[in-house]
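Going by UniProt numbering, the sequence shown opens with residue 1, and the numbers climb by one from there. Where is the CB? At the ideal position from N, CA and C, for every residue including glycine.
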Amino acid sequence: MAGGSAIRGSRVGAGPMGEAERGDTAPRLYVSYFCSNQHETRPAFSADVQAPETWDCPRCGLPANLDQENPPPPPKITPYKTHLAYVKERRSDKEAEAILTEALEALQARRAAGEVIY
Ligand SMILES: [Zn+2]
Numbered sequence: 001m002a003g004g005s006a007i008r009g010s011r012v013g014a015g016p017m018g019e020a021e022r023g024d025t026a027p028r029l030y031v032s033y034f035c036s037n038q039h040e041t042r043p044a045f046s047a048d049v050q051a052p053e054t055w056d057c058p059r060c061g062l063p064a065n066l067d068q069e070n071p072p073p074p075p076k077i078t079p080y081k082t083h084l085a086y087v088k089e090r091r092s093d094k095e096a097e098a099i100l101t102e103a104l105e106a107l108q109a110r111r112a113a114g115e116v117i118y
């Protein structure tokens with residue numbers, strides 16, 4: 001094909017010519033929040049608004065606040081937590097290993113006794 005095209009040099013989604021891709025960056029305020037699982041999250045707020053006192057942790061869903069030494073306690077209902085997260089909260093890795101070993105031994109004993117066949 002010979003000759004230029006009227007739309008050449010542009011691309012889908014491009015803004016008006018000459019404008020910076022995302023425009024000017026507004027002043028941001030980064031605030032650290034801490035949840036009771038010691039996660040730190042730093043959402044950015046516009047510098048001219050008051051940052052909220054609490055923020056939901058994006059990693060575990062627990063509420064987080066600005067006080068690293070005294071994060072908010074987990075609420076009774078934590079819909080974002082998985083069953084495994086609850087188990088990990090109650091049990092240390094060492095306990096988990098002991099429980100797993102115990103469960104495997106029990107299973108092996110039952111297999112040996114012919115109670116479980118697979
Ligand atoms: Zn968290």
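*Residues of its chain near leucine 29, where Cβ-Cβ distance is below 6 Å and the 5 sequence neighbours each way are ignored*: For leucine 29, where only same-chain residues beyond five positions count, the Cβ hits under 6 Å are Phe45, Ala47.
*Per the contact definition of three or more C-beta pairs closer than 8 Å, is the region 62-82 in contact with the region 29-44?*
A contact exists between the region 29-44 and the region 62-82.
*In its own chain, which residues sit with a C-beta less than 6 Å from the C-beta of proline 27, not counting the 5 before and 5 after it?*
Hits under 6 Å: Ala47.
_Near ligand 1: asparagine 37 beta-carbon under 7 Å from a heavy atom_ = Within the cutoff, so yes.
*Spatial neighbours of glutamate 102 within its chain, please: CB distance less than 7 Å, with the 5 preceding and 5 following residues excluded, ordered by chain position.*
Same-chain partners within the cutoff: there are none.
*In whole angstroms, what is the alpha-carbon distance linking glutamate 95 and aspartate 24?*
Near 53 Å, if we compare the C-alpha coordinates of aspartate 24 and glutamate 95.
*State yes or no: is the C-beta of tryptophan 55 within less than 8 Å of the C-beta of proline 43?*
For tryptophan 55 and proline 43, yes; Cβs fall inside 8 Å.
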